[in-house]
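One structure is given here, and the rest of the page talks about it.
Number of protein chains: 2
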Amino acid sequence: MRTRQAVEVLATLGQETRLDVFRLLIQAGPAGLPAGEIAARLKIPLATLSFHLQHLKQARLAHSKKRGKLVIYSANFTTVDCLVGYLLHDCCGRPRTGLEVCGQAASESKAGAKSVSERADS
Amino acid sequence: MRTRQAVEVLATLGQETRLDVFRLLIQAGPAGLPAGEIAARLKIPLATLSFHLQHLKQARLAHSKKRGKLVIYSANFTTVDCLVGYLLHDCCGRPRTGLEVCGQAASESKAGAKSVSERADS
DNA sequence: CTTACGATTCTACAATACTAGAACCATGAG
DNA sequence: CTCATGGTTCTAGTATTGTAGAATCGTAAG
């Protein structure tokens, strides 16, 4: 994960309503939740929720699929793993353990490895 | 770390200038850097930098000490560890590994343990 | 004491983000 | 086709945040 994307993900989660939504989606697991259900549980207007859901999608923290007339949202855990990887290694120089689960799923999968930290810029 | 604090830390790092400052402080290590030096390296006005440094301090991501007429800032790595812990465990339900380095240093050290995840709220 | 310099605070402006009602668009049921 | 329902987009108002010049404060040297 590059710094630019990390900023986006951090800013997205650095907002109370959005973090609430995200946590709810995490709790819901892979099955996800329809938008209306999220709005009901968190007691926020659908319009407001929709605004935040687009944000979460943009940051690849959530994705949606349609089922009938419902739009089911689910959390993208991989992006959090990538963010954690960025925070520990690229940003802060901690050695990688090899247990990281990031990689392709939430990156643009351009050039492959790029082993250790030192400039994970722009 | 509680959700409230996590939001603050996430929002603080979710701003390009501030993340740049923080990364520079991390690179500088425990010795830290005087404010003027940071401003010079990042090419931002001192007033703007000061604004962001107060933010970083408020979120416990940095702290300052005076040496003569200089104010030396250094990064607080522990807070990042706590944030990572929150993201993985409290927020997202991953099992704790026992390798976490969070704990007292960057928390208000109120009541002690509170072992596993499940509601790390407000 | 006076001056120089590093840093913070004051202030104001610009930009961005959050909220939510209202209008609108899809989909499935009748 | 028409209607009801779930969701998004439009729109606008409010609040918050980021930027940076100018004024100010604090420390150390002359």
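Residue numbers (this note's numbering), protein chains in the order written: chain F, 807 to 928; chain C, 807 to 928. All C-beta atoms, glycine included, are put in the ideal place defined by N, C-alpha and C.
Query raised in the report: Going by C-alpha distance, which of F/Arg-824, F/Gln-833, F/Phe-857, F/Leu-825 is nearest C/Arg-900?
Result: Your numbering for residue 900 of chain C matches position 94 in the second sequence. Here the closest residue by C-alpha is F/Gln-833.
Query raised in the report: Are the beta-carbon atoms of C/Glu-822 and F/Val-813 separated by less than 8 Å?
Result: Reading the second sequence from its first residue, position 16 is the one you call residue 822 of chain C. Reading the first sequence from its first residue, position 7 is the one you call residue 813 of chain F. Yes, the Cβ-Cβ distance between C/Glu-822 and F/Val-813 is below 8 Å.
Report task. With distances taken Cα to Cα, identify the nearest neighbour of C/Ala-868 among C/Arg-808, C/Ala-817, C/Leu-816, C/Val-827. Result -> Here residue 868 of chain C refers to the residue found at position 62 when the second sequence is read from its first residue. Minimum Cα distance to C/Ala-868 is reached at C/Val-827.
Query raised in the report: For the candidate residues C/Ala-817, C/Gln-811, C/Arg-902, C/Ser-870, whose alpha-carbon lies nearest to that of C/Gly-838?
Result: Against the second sequence, residue 838 of chain C aligns to sequence position 32. Ranking C/Ala-817, C/Gln-811, C/Arg-902, C/Ser-870 by Cα distance to C/Gly-838 puts C/Ser-870 first.
Query raised in the report: Can you check whether the CB of C/Arg-829 is closer than 8 Å to the CB of C/Leu-862?
Result: Here the question's residue 862 of chain C lines up with position 56 in the second sequence. Here the question's residue 829 of chain C lines up with position 23 in the second sequence. Going by C-beta atoms, C/Leu-862 is not nearer than 8 Å to C/Arg-829.
Query raised in the report: Name the chain F residues that come within less than 9 Å of C/Gln-821, Cβ to Cβ?
Result: Position 15 of the second sequence holds residue 821 of chain C. Within 9 Å of the CB of C/Gln-821, the CB atoms of chain F belong to Val-813, Leu-816, Ala-817, Gly-820, in sequence order along the chain.
Query raised in the report: With a cut-off of 8 Å, does the C-beta of F/Arg-902 fall near any C-beta of chain C?
Result: As a working note, residue 902 of chain F is residue 96 in the first sequence. So no, F/Arg-902 is outside the interface.
Query raised in the report: In this structure, does DSSP put F/Lys-863 in helix, strand or coil?
Result: As a working note, residue 863 of chain F is residue 57 in the first sequence. Here F/Lys-863 sits in helix by DSSP.
Query raised in the report: For a contact meaning CB atoms closer than 7 Å, what does C/Arg-829 contact in chain F?
Result: Along the second sequence, one-based indexing puts residue 829 of chain C at 23. Against C/Arg-829, the close residues of chain F are Cys-897, in the order they occur along the chain (beta-carbon pairs closer than 7 Å).
Report task. With C/Val-907 as the anchor, note down where its alpha helix (DSSP H) starts and where it stops. Result -> Stepping through the second sequence from its first residue, residue 907 of chain C is reached at position 101. First-last for C/Val-907: undefined, no H or E at that position.
Query - Distance, F/Thr-903 Cα to C/Glu-914 Cα - result: Along the second sequence, one-based indexing puts residue 914 of chain C at 108. Along the first sequence, one-based indexing puts residue 903 of chain F at 97. Low local confidence applies: a pLDDT of 38 at C/Glu-914 is under 50, so the model's placement there is unreliable, and no value is given.
Requested in this report: Please check if any C-beta of chain F sits within less than 8 Å of the C-beta of C/Phe-883.
Outcome: On the second sequence, residue 883 of chain C is found 77 positions in, with the first residue counted as 1. Cβ-Cβ to chain F under 8 Å: yes for C/Phe-883.
Query raised in the report: Can you round the beta-carbon distance between C/Leu-816 and F/Leu-859 to whole angstroms, since I take them to be within the 8 Å contact cut?
Result: On the second sequence, position 10 is the one that residue 816 of chain C refers to. On the first sequence, position 53 is the one that residue 859 of chain F refers to. With 8 Å as the limit, C/Leu-816 and F/Leu-859 do not qualify as a contact, their Cβ atoms being about 18 Å apart.
**Report entry** is_contact[F/Val-922, chain C] using C-beta, thresh 8 Å
**Finding:** Here residue 922 of chain F refers to the residue found at position 116 of the first sequence. For F/Val-922, the predicted model reports a pLDDT of 36, less than 50, meaning its position is unreliable and no value from the coordinates is stated.
Query raised in the report: Is the number of C-beta pairs between the stretch 875-882 of chain C and the stretch 836-851 of chain C that are closer than 8 Å three or more?
Result: yes
Report task. Note down, in chain order, each residue of its chain lying with its Cβ closer than 8 Å to the Cβ of C/Val-907, except the 5 sequence neighbours on either side. Result -> Numbered from its first residue, the second sequence carries residue 907 of chain C at position 101. Within the same chain, Cβ atoms closer than 8 Å to the Cβ of C/Val-907 are found at Thr-884, Asp-887, the five residues on either side in sequence being excluded.
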